[in-house]
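For reference, the structure discussed in these notes is given below.
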Amino acid sequence: MNGESILFGLLNVAFVLLISPFFMMVIKKVKARVQGREGPHLLQGYYNLAKLFRKETLYSEYAGFISRIAPYAALSILLVAALQIPLIWIPEQELVTANIIVFLYLLVAGRLLIALLGLDTASTFGGMGSSREMSLSAIIEPVTVVVFAALVYVMGSFSIHGIFRTAMTTFPAYSPTVLLLSVPLFILIIVETGRVPVDNPETHLELTMVHEGMLLDTSGRNLALFELSHAVKQTLLMAILLNIVVPAGIALELSAFALVLGGAVFLLKGTVLCVIIGLFESAYAKMRFFQIPNFFMIAFFFSILTIFIEVMM
Amino acid sequence: MTGIHAHYSALSLPAEWLIGEDGTTITYAVPDDRIAAIAETLLALESRLVWIFCTEEREENSYTLWYVFELAEMRKYLVLVLSTSHPVSLVEIYPAASRFERAISDGFGLQFSGSPDTRRLFLHEAYPCGFHPMKKSVKNVPIVPSQHTDPYEFRSMEGTSVYQVPVGPVHAGIIEPGHFRFSVIGEDILNLEIRLGYLHRGIEKLAEGCSPEKGVRIAESVSGDESVANACCYAMAVEQILSLSIPVRAVYLRGLLLELERSWSLLSDLAGMVTDVAFSTAASRFTILREMLQRACERLTGSRFLKGIIVIGGVSHDIPDDVLMEVKDTVMRVRVELEKIQSWAISVPSVIDRFSTTGVVREPLIDPLALSGPIARASGRALDVRCDHPYGLYDTYPVSPLIRMTGDVMGRFALKGDEVLSSLSYVNELVTQIPKGPVQTEYEVRDGYALAAVESPRGRTLCFVRIADGSIDRFALSTASFCNWMALEHAVLGNIVPDFPVINKSMNLSYAGTDL
């Protein structure tokens, strides 16, 4: 532990917290524009969080300790995960041990906490959401492992730091397999953040909810924390895709100029990706619940294909 | 007319039982021990029991039950009138009778012998036992909620891993209140029971004692998206009592308003269906078109919901020709746009995947449950009051019913889209042909009773009015939703819970129209 690694941690966590609500709003805005609406202000995400933090937090009369700790635990887990994904600055040395398998299971741990929360409130929809989330989770997990296996195989490292550095040094003359990997990584973002066609983050229909169902009884500060951790999760997954496929602009040395440039470039790349996500969501209706695994299979197929191609070459 | 006589002889109803015949109905008084036998004969004649309602007579504890039947190929409704205080239940012959009988038991305290389901319908637990608000002796005043009534018992399903999911009456979205009790295994729906009554406003009671003119305003406030249909149906019943024929221009204007209402109301169904499968890109397009039509409605009548324009004897004010032409332009624009959007939305693979084979209403359910409107037409039955029992403008300018055969959400989506297109074409043709002339007739109120039928956007609306001493003695209204809710209970069976919202929205039944 030295000064540089603390700086890296602080920078990464602060940046991800700062930027995530903005990305959420970009997607909302794009969807609204596609629908012919004006859409929310791009800073609305921050206003919403500020509002929720000031609001009273209510608990169901059946709620146990899970409801009280889950919001903080979920955000903390994601911030630990955030330490592993360099967003704007890739240091020379690996400052924080960052293993992609650990990252994957940190996400799973966060998911488990929210599923427990859904059960903890003892409401019908919470239980329904948890049951659906865990069913989907059981199917998505092997797919995610294969996607990451392909990534590890192509990049030749388990360490996220190593993967990002390889991507950086080979950019833009990387092999076509990296481009192929962008498909499963994109699907991973859609699935993990519960977007159309897997789940509908904007629905008011309690019977169709997955992620929203589990949070239906959450309010005030707790809801704000969950919304923030959801946004952070999205940014981290976006960062994996962006920093592998278009790593340009990430700071390699520690200087104010490089960091500002890295931040600005990431913001730009992220915004473009959010626009793509928004358009993607607008083009599809939500899938039937039991057909969602078909969607995961696309990610599975592309990952396996990537591994085969890599083996052949 | 031959049709009536053929059925008439098959029924062998004695001529002395005939107590009245008008443009809409043919009415017989039937001795109370004969109703079950007659009902069975009627069943063999492909009839549907579409309504039972009750009236209280002047003598104490004297009630009249009115059974309204619709016979295939017969233009007039057959009404059987029965004076009894100990009625028999017709549930075993006509399942649709069940909820009508329960509503009468709640309202008047009559017990139907032989009924398998004697639970209360619209009176919830807060109402004390023995409280029957439709009795003349009960005053229309607030009551003290009761703590001592038995809780409502839902049909229970038993077995390993069957569990119940209670939904509503308070929902996550801003919609009308209704309680849905699902019995499910995993995500599969084994049973659904719908409980309504949360919006019960005592409208029928409220109308009693009002002047017939005021009744129109009451009828049109029953349900916002079918206000013209309900107001028209009421006005037609009163006009029947007064033997009033309304001016030709008013007939045209009413036809125009009815079709405009159908168009905007069905457009919001289309928007709702695509919203519920999270395809909001198309939903917003449908909503824009609906808004254009509602603004046209406002331009025509001053009300986005077309309220206040229907009066007894015609319409309240004339609409200038230049406004009609403006509306014609809007209607054409909407029609052109809708054609594009509808054919696009219906060809998006992910939408097709959600809509087809979801929530099938099977054709054999239509008669027993007395289903009507787009739900019946999407399941292959050409039932449409405008064609089967033409009234007003549809007598002069007939419409032909559209049908789809599949009975699933896709069928209803496609059918509703086609119906809007055909309604808009109908409006477009008519607007140029509206004759000049007055729009209202003078009338004098006189006593009597009559029944009228109208096709609302959701199907068959029936209204019964009885005027005594110059004011309303009984106002009863049956909207299509009352019977059609049962279609939902059947359509969801075997589907999964997350598909319920889209099945529900594909029918888009009215809570307010059921909870009078």
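Taken in order, these protein sequences are the chains called A and G. Sequential numbering from 1 applies to the first sequence in full-length UniProt numbering. Sequential numbering from 1 applies to the second sequence in full-length UniProt numbering. Using N, Cα and C, we set each Cβ at its ideal position, and we do this for glycine too.
Closer than 8 Å to chain G by CB, residue i
i               : result
T186 of chain A : Reading the sequence as shown, one finds Phe at residue 186 of chain A and not Thr. With 8 Å as the cut-off, F186 of chain A does not count as an interface residue toward chain G.
T218 of chain A : no
L207 of chain A : yes
F296 of chain A : no
Within chain G, the residues that residue i reaches when beta carbons sit closer than 9 Å
i                      : result
residue 316 of chain A : What is shown of chain A runs 1 to 313, which leaves residue 316 of chain A out entirely.
Residue closest to residue i, alpha-carbon to alpha-carbon, out of the options
i               : options                        : result
M292 of chain G : G:L253, G:V336, G:D322         : G:V336
G313 of chain G : G:K328, G:L260, G:S115, G:S243 : G:S243
V246 of chain A : A:L273, A:D120, A:L7, A:G220   : A:L273
R181 of chain G : G:I241, G:Y252, G:V165         : G:V165
V331 of chain G : G:L421, G:S245, G:G380         : G:L421
S83 of chain G  : G:Y28, G:H132, G:L369          : G:Y28
F83 of chain A  : A:L236, A:V210, A:L252, A:L225 : What sits at residue 83 of chain A in the sequence shown is Leu, not Phe. Looking at the Cα atoms, A:L236 is the closest of the given residues.
M134 of chain G : G:W344, G:G359, G:F100, G:S105 : G:S105
L338 of chain G : G:V465, G:E419, G:R362         : G:E419
S226 of chain A : A:V34, A:L79, A:V30            : What sits at residue 226 of chain A in the sequence shown is Phe, not Ser. The candidate whose alpha carbon is nearest that of F226 of chain A is A:L79.
M209 of chain A : A:E61, A:E133, A:K31, A:L241   : A:E133
R460 of chain G : G:G373, G:S284, G:I218, G:P31  : G:G373
P247 of chain G : G:V348, G:V315, G:I35, G:R285  : G:V315
Neighbouring residues, chain A, relative to residue i (Cβ below 7 Å)
i               : result
T281 of chain G : V34, Q35, S282
A278 of chain G : V196, N200, T203, A285, K286
H490 of chain G : Near H490 of chain G there are no residues of chain A at all, since even the closest Cβ is about 18 Å away, more than 7 Å.
P166 of chain G : T124
S422 of chain G : Here the premise fails: no neighbours, minimum Cβ distance about 26 Å.
Closer than 8 Å at the beta carbon, the chain G residues around residue i
i               : result
M287 of chain A : S350, D353, R354
F290 of chain A : E187, I496
Near the ligand MN: residue i beta-carbon under 7 Å from a heavy atom
i               : result
P368 of chain G : Judged by which ligands are present, the structure shown has none, so any question about the ligand MN falls away.
Any chain A beta carbon closer than 8 Å to residue i
i               : result
D499 of chain G : yes
G272 of chain G : no
G3 of chain G   : Unreliable positioning characterises G3 of chain G in this predicted model, as indicated by a pLDDT of 46, which lies under 50. The coordinate reading is nonetheless provided below. No, G3 of chain G lies away from the interface with chain A (no Cβ there is under 8 Å from its Cβ).
G173 of chain G : yes
I403 of chain G : no
I288 of chain G : yes
N508 of chain G : no
Cβ-based burial, residue i [other Cβ within 10 Å; buried from 16]
i                      : result
R111 of chain A        : buried
A285 of chain A        : buried
V238 of chain G        : buried
I27 of chain A         : buried
E208 of chain G        : buried
N294 of chain A        : exposed
M297 of chain A        : exposed
residue 517 of chain G : Lying outside 1 to 516, the shown extent of chain G, residue 517 of chain G is not represented and no answer is given.
N495 of chain G        : buried
Q234 of chain A        : buried
R144 of chain G        : The sequence as given places Val at residue 144 of chain G; Arg does not occur at that position. Its Cβ having fewer than 16 others within 10 Å, V144 of chain G is exposed.
C129 of chain G        : exposed
T160 of chain G        : exposed
T2 of chain G          : With a pLDDT of only 42 at T2 of chain G, under 50, the local geometry of the prediction cannot be trusted, and the value read off the model is given with reservation. Flag for T2 of chain G reads exposed.
N2 of chain A          : exposed
R474 of chain G        : buried
A313 of chain A        : First, the residue type needs correcting, since residue 313 of chain A is Met and not Ala in the sequence shown. With fewer than 16 other Cβ atoms within 10 Å, it is exposed.
Residues that residue i contacts on chain A, provided the C-beta gap is smaller than 8 Å
i               : result
S284 of chain G : Q35, G36, R37
For this session: Specify whether the region 291-307 of chain G and the region 241-261 of chain G touch according to this definition: at least 3 beta carbon pairs, one from each stretch, less than 8 Å apart.
Result: yes
For this session: Evaluate contact between the region 383-398 of chain G and the region 446-459 of chain G, counting only Cβ atoms and requiring at least three cross-stretch pairs below 8 Å.
Result: yes
Exercise. Does the region 10-24 of chain G come close enough to the region 213-227 of chain A to have 3 or more Cβ pairs within less than 8 Å?
Worked result: no
Problem set entry | Stretch pair the region 425-442 of chain G + the region 203-218 of chain G: three plus CB contacts closer than 8 Å | no
For this session: Evaluate contact between the region 389-398 of chain G and the region 316-325 of chain G, counting only Cβ atoms and requiring at least three cross-stretch pairs below 8 Å.
Result: no
For this session: Please confirm if the region 87-105 of chain A is in contact with the region 145-157 of chain A, defined as three or more CB-CB distances below 8 Å between the two stretches.
Result: yes
For this session: Determine contact between the region 115-131 of chain A and the region 252-272 of chain A, defined as no fewer than three beta-carbon pairs at a distance below 8 Å.
Result: no
Exercise. Per the contact definition of three or more C-beta pairs closer than 8 Å, is the region 22-40 of chain A in contact with the region 172-192 of chain A?
Worked result: no
Problem set entry | Inter-stretch contact at 8 Å, needing at least 3 Cβ pairs: the region 155-163 of chain A / the region 87-96 of chain A | yes
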